[in-house]
Amino acid sequence: MSIAKDAKQAAQGAMQGMMAKAVALAPDSWVPGGKPDPLIQHRHGHVGQPVSRIDGPLKVTGNARFAAEFSFEGMVYGALSYATIARGRVTALDTAEAEAAPGVVAVMTHLNAPRLNPPPVFMSAAKAAGGDDLPVMQDDRVHWNGQPIAVVLAETQEQADHAASLVRATYAQEPPITSFAQAMAQGTAPGLFMGQPLHNASGDAEAALAAAEVRIDRTYRTPRHNHNAIELHAATVAWDGDTLRIHDASQLVAHTAWSIARMFGIEENQVVVTSPFVGGGFGGKCLWQHQIIAAAAAKLAGRPVRLVLSREGVYRLVGGRSLTEQRVALGANREGQLAALIHTGTTAKTRHNVLPEPFIMPTRSAYAAENLLLDVQTVELDMLANTFMRAPGESVGTFALESAMDELAEALGMDPIELRLRNEPEKDPLSGLPFSSRHLSESWRAGAERFGWHLRSPRPAAHRDGEWLVGMGCATGTYPYYRMPGGAARITLTDEGRAAVDIAAHEMGMGTATAQTQVAAERLGLPLDAVAFNYGDSTLPGVVLAGGSQQTASIGASVIAAHRALVRELLRIAGNDSPLAGLGPDEVAGRDGGLCKHDAPDRQESYASILRRAGQKSLTVEARPPDPLETMHWSMHSHAAMFCEVRVNAVTGEPRISRFLGSFDCGRILNPKTAASQFRGGIIMGMGLALMEETQFDERSGRVMNPSLSEYHVPVHMDVPEIDVIWNDIADPHTPMGARGIGEIGITGTAAAIANAVYNATGKRVRDLPITLDKLL
Amino acid sequence: MTIAVNGTIVSLPDDPRVSLLDLLREHLHLPGTKKGCNQGACGACTVLADGERILSCLALAVQYEGRAITTVEGLATDEGLHPLQAAFIEHDGFQCGYCTPGQICSAIGMADELRRGVPSHVTRDLAAPVIALTHDELRERMSGNLCRCGAHNGIVEAIAETFAELVP
Amino acid sequence: MSPFRYARAADVSDAVRQAQAAGSRFLGGGTNLVDLMRETVERPTALVDVTGMPADIGESADGGLVIGAAARNTAVAEHPLIRTRYPMLSRAIVAGASAQIRNMATVGGNLLQRTRCAYFYDNGGSRCNKRQPGEGCDAIDGFNRYHAILGASPSCVAVHPSDMCVALAALDAAVNVESVHGARSLPFAELHRLPGDLPQIDTCLEPGELITALVLPPLPIARHSTYRKVRDRSSYAFALISVAAALDVQDGIITDVRLALGGVAHKPWRAHEAEALIRGKPPEPAVFLAAADAELSAAQPLPGNRFKIELARRTIAAVLSELAGEQA
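Each protein sequence line maps, in turn, to chains V, Y and B. Counted the way this note's numbering counts, the first sequence spans residues 35 to 811. Counted the way this note's numbering counts, the second sequence spans residues 6 to 173. Counted the way this note's numbering counts, the third sequence spans residues 7 to 334.
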């Protein structure tokens, strides 16, 4: 991060700060979401129905096409060679043997690659997508162990793979910084997230802690993680003149098109990125070197290229979650009221990216503590840039915070749910903003009853079933409502009463295409099969990141804007001969294939009738929603009460999860079938986080040593019990559809609930993830 | 040198390095069988060889000369989806859909193994002539198929419903 | 993967004849070798496919069993005679890998699995004496949670990854091998070796020797046997510790015992010392723990796997207690 960039970020931060104050004080009606989305009142339509996935038939028959499954005439296959040092220079690259190998078309290295601008690093501009800002195969510098140093193109994948193994590199090594502890000893720097310092203080937390009747002061550690979507990252690319066509696996198609265009010095519309299906993302399917290398190599060779990363390649090229060391200190009175809440610590990043794992995020609005101190420090290591992975910050931050709350409950001799209820805030503890919708207490009560929490013994190691020690634990999960700027949508209505919604959004398995079809059909008053939801194409309107659990809101707000423009236009062309004559956009709703007056449904005219009378085959409108000022006006968060029962083998220490319940407060649920899967999916990734996941980074070499799905453990079927999920379905009056994103909240709180259950089962408190059996022997 | 894929006889590749998985995906343009690791660690590439589930990524295509391979593309008939495919949709047994073909082929192979009485790690009585598809048996036997989206519950429900005659 | 020639062997004599070519390797199910070739750890120039060799499982004249080396792992695990006479072998097999892999993997190939040490796999990126003799070992000061606590050397701390082999070590099995120079049989205990100064050599097989069959002796005690595997996730993971054991208790006294450990050494570890301490004693936890302690007294753990000693000790005692309980 350059000093100039830091200054720019600080200025942006100050500007945002002033703006936030103004928006906070504005009347509700001036703010997006100030007037509830009328769809919230539709209780018996498409929204809320457990519709099966509309792409289900394609997926179960193997007919859904993923990035590596598109072909071009004359296409060649790519394979990468990786650096084996963490820092230094490539002094010699011997590619002769590789070039001479059968089938090889070209070998690209920094010596012959087309000249490219560096990638615009994510958050440096509205559409920047780069995982880091390092030049891609432009010079002899090695920045991390595993950096690509050559790509071989050959007629077959087998030929390319073999030839890539024949590339020989010689290095001039420089001493790298790859040890977290050593880097910390040399000093840390404040962490910045979206231009704002990851630092909050109110009151004097240290003094309040020292004066508290009951204190907990602990250190928690979480390791590196990898997303490990089952689909390997892949790009199938072709140049047509100066236009680049990319079949990508992407959760940000528009960002990728813009960023790659910048790198190649061409116009944004000369790069077309499509991604109809994504085989899992979780934050990992963004812009990394493979798409850029594929495009550059295709240009060099004059042939279309398919570059599918090997599983090792995913670990070498695609960043994961960084490690953290967190202190949580809690001070309370004997009644359990928090006087001091301190959550500070350190994480590692690189010099070339802007994401310190923001583990204090969940703590900002968690509890009504009078004195708060939150802070993230960073060190910079010579490693692959870390990145977003499902609930960055909240996933590992809730592990520390909610483990500490459990420790405090024990110190107080109080039920851990009761402790949380006693500290439930009335308004946002830091910003003072009102909550848009917070019903966590209800979630706790509903969950506790359903889970049978009253059966838990407060005394650890009290329940044994044969060889197995059984315990229960709980924790709060939380994730913010986000809506990022840049949304836009296009709606086309035909005189046959069919509609298409176009937006550059993504379907990675969240159920977006299905849920948004339901929403659009409901808003338009059409049957589901009359609505096409088109997405996954950078040429469609909108800059929509499938991340931060914000896609639902972003699409929702964009479609609201486009729908409003559509209604206005329909009323205009309907003219004075229509039953709708004289009505304004706020007075009508979509129903039965047309528009009608809200409170007089018989004043109705079908879309087909309106368009035919106007002599139009179709009507197309496009609109952008207002900027997302609602998050500066309300404190907007989803919440969950997580309950876990574990069994720990008294002989071997093996921890196994036997029951789990998530009780969610996430606004309105658009599709209970796909939503339940989202909740469960997050919880299961949280189970991996708690019990088994760790990217093994060898601090001697800076090399990831388990780049494999056999050595990096993710939960298997046998690890996953039946997971119960319930939700209150209380609409958030200030969000589109009354919904808040649900993709990430499942992983939050889960690890702490498991760790707390392990403590209850065994009396052993593990503060260092993952909770492997050796820690329980 | 030929191999039967979904009932069609096709030639085997000249290069013995070509895996059965790459034969399907790159040569025969049947990308329904997925590549998730190419390390034998995820199960996404599971196909049926003469009805038995195997990992096509660790199989050299030439080793399967004369064998009959069934992939996910070969399960549906003119009458419609295989019952297991329909059950996966009904029970939401997938999210991104990438591990799905492997899960489905694996489950079909698993059902045959169970009918044959093949024991598993969680089978209590090795001498029992019949093994029921309990929740534990099902989960253990499907553990070679990873799912990162976390659709495990739906997958298990879909399989249990489809092979209800094996469930106690 | 480097280029290679592929040929299917017609019979054993054809296989061993073909294997005389320099750089050739036998190919079974491919579940380990194909993976290692893709990682460029193995670079054979010719593969002799031996999956067509005898795969029958049948009783021998002495009441034991002979298992053709090309038998698939699943076929062995599901065989009625193995399930009833050698349950520990069935259990060990189904504790390993996944069903798909067990359907592919042959018995012979399982015996010749190579270690899963991450540094062994990381060709070009890490040092490994097993892969590149004399290069050094990055595991000793690296990630070694899964590594050896018994029988390791300064040059190699890798472990043998097979579950099936742990049971075979306990069962006093024998291995029939054949080459162009003739056939021989060797005790299973002599198949695998400890690393010493030659960690690149996993077994005592001569170049070109093909495993043709596995021979299980008649062993009544094996009817009361089991296998327990301890691992980081519930399934589809390699063992941290595993225990294969058989126990015979008559009138409150242990008349005989078989005990072998997995996940502890470069070879499946037959616990002779512990067995000797158990025979003739009453089946009590204290006896089992003392025997385990004796067996593990030579253990030399690494920083990442110190817990394995306690884990092995407890698992041994639990498995033997379980077997004793069944006969009480």
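Glycine included, each C-beta is placed from N, C-alpha and C at the ideal position. All figures in this text were calculated on a predicted structure; none of them were measured in a lab.
Look at the alpha carbon of residue i and the alpha carbon of residue j, and state the distance between them as a whole number of angstroms.
i, j, result
"Val15/Y", "Gly58/B", "22 Å"
"Phe311/V", "Phe104/V", "12 Å"
"Met506/V", "Leu86/Y", "42 Å"
"His272/B", "Leu117/B", "13 Å"
"Lys651/V", "Ile300/V", "36 Å"
"Ser24/Y", "Arg120/B", "21 Å"
"Leu177/B", "Arg78/B", "19 Å"
"His667/V", "Arg625/V", "33 Å"
"Asn129/B", "Asn135/B", "11 Å"
"Leu317/B", "Asp299/B", "11 Å"
"Met544/V", "Asn311/B", "40 Å"
"Arg133/B", "Asp147/B", "11 Å"
"Val430/V", "Thr412/V", "16 Å"
"Glu145/Y", "Thr128/Y", "10 Å"
"Asn150/B", "Gly157/B", "15 Å"
For residue i, write down the residues that DSSP places opposite it in a beta bridge.
i, result
"Asn683/V", "Trp502/V"
"Gly821/V", "Because chain V here runs from 35 to 811, residue 821/V falls outside it and cannot be looked at."
"Asn182/B", "Ser191/B and Ala219/B"
"His673/V", "Thr512/V and Asp699/V"
"Leu266/V", "Beta-bridge pairing links Leu266/V to no other residue."
"Val410/V", "Gly379/V"
"Glu65/B", "Leu71/B"
Give the range of the beta strand (DSSP E) segment to which residue i is assigned.
i, result
"Asn610/V", "Careful: Asn610/V lies outside any beta strand (DSSP E) and carries neither H nor E."
"Ser231/B", "Ser231 to Val236"
"Lys383/V", "Leu372 to Lys383"
"Arg113/V", "Note on residue identity: the sequence assigns Ala, not Arg, to residue 113/V. From DSSP, the beta strand (DSSP E) with Ala113/V extends over Val110 to Tyr116."
"Trp761/V", "Ile757 to Trp761"
"Asp536/V", "Ala533 to Asp536"
Taking Cβ to Cβ, would you say residue i is nearer than 8 Å to residue j?
i, j, result
"Tyr515/V", "Ala587/V", "yes"
"Leu600/V", "Leu527/V", "yes"
"Met719/V", "Cys101/Y", "no"
"Pro289/B", "Val249/B", "no"
"Ile74/Y", "Val94/V", "no"
"Gln638/V", "Val81/V", "no"
"Pro93/B", "Ser231/B", "yes"
"Gly427/V", "Pro396/V", "yes"
"Ala184/V", "Thr212/V", "no"
"Ala419/V", "Leu341/V", "no"
"Gly41/Y", "Ala54/Y", "no"
"Ala52/B", "Arg89/B", "no"
"Ala374/V", "Leu243/V", "yes"
"Gln164/B", "Ala154/B", "The identity of residue 164/B in the sequence shown is Ala, whereas the question assumes Gln. Yes, they are a contact pair."
Quick one: give me the first and last residue of the alpha helix (DSSP H) that residue i is part of.
i, result
"Lys314/B", "Phe313 to Glu332"
"Ile327/V", "Gln323 to Ala335"
"Asn568/V", "Not the alpha helix (DSSP H): Asn568/V falls in the beta strand (DSSP E), residues Val565 to Asn568."
"Asn109/B", "Ala105 to Met110"
"Val30/V", "Residue numbering for chain V in the displayed model covers 35 to 811; residue 30/V lies beyond these limits and cannot be assessed."
When the Cβ atoms of the region 406-421 of chain V are set against those of the region 214-234 of chain V, are three or more pairs found closer than 8 Å?
yes
Determine, using beta-carbon pairs with one atom in the region 254-265 of chain V and one in the region 725-738 of chain V, whether at least three such pairs fall under 8 Å.
yes
Inter-stretch contact at 8 Å, needing at least 3 Cβ pairs: the region 109-122 of chain Y / the region 81-99 of chain Y
yes
Three CB pairs or more closer than 8 Å across the region 135-149 of chain V and the region 369-380 of chain V
no
Contact the region 145-163 of chain Y vs the region 112-123 of chain Y: 3+ CB pairs below 8 Å
yes
Evaluate contact between the region 494-511 of chain V and the region 429-447 of chain V, counting only Cβ atoms and requiring at least three cross-stretch pairs below 8 Å.
yes
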